[in-house]
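The block underneath contains the structure these notes are about, expressed in structure tokens.
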Amino acid sequence: MYTIRQQIIALLTEEERGARDISQILRIREKEVYDHLGHIERSVASQDRKLQVIPARCLECSYVFGSRKRLTKPGRCPRCKGEHVADPRYRVVEAGRTGEGS
Ligand SMILES: [Zn+2]
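Heads up, the final residue of the sequence shown is numbered 244 in the working numbering, and it's a clean run with no missing numbers.
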């Protein structure tokens, strides 16, 4: 018997996923996923792991929302004002690990 947060951590340990993927797999609302992610970010830190955020990206001009620290998806692109923005994706990794390779 696992809590929702433990299930999300397990999913994100397996592979990177977006909030929508998680909401569909666990049948919870996307907003709830973001709430859980905020807690997960802190709770995994005590287990020598971290929540890695793959930033949102504009699908129209390829702008990457790199400096944004927020977990939730941005509404529109600050550069081209486009609204087709790829969701940020999340992964739980060992805190000591660096780089993007897997
Ligand atoms: Zn753009």
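Yeah, the Cβ is synthetic: ideal placement off N, Cα and C, and Gly gets one too.
Residue 162 sits away from residue 174, with the two beta carbons spaced by 8 angstroms or more. With a cut-off of 8 angstroms on Cβ pairs, the segment 150-158 is in contact with the segment 223-234, counting three or more such pairs. Note on geometry: alpha-carbon atoms of residue 192 and residue 143 lie some 23 angstroms from one another. For the pair residue 227 and residue 216, the CB atoms are nearer than the 8 angstroms cut-off. Closest by C-alpha distance to residue 230, out of 149, 201 and 197, is 197. Taking non-hydrogen atoms of ligand 1 into account, the C-beta of residue 232 is found less than 7 angstroms away from none of them.
Under a 10 Å Cβ-count criterion, residue 159 is classified as buried, with 16 or more other Cβ atoms of the shown protein chains found around its own Cβ. Residue 195 holds the alpha-carbon nearest to the alpha-carbon of residue 180 among 203, 223 and 195.
Going by DSSP, residue 186 is part of the alpha helix (DSSP H) stretching over 172-187.
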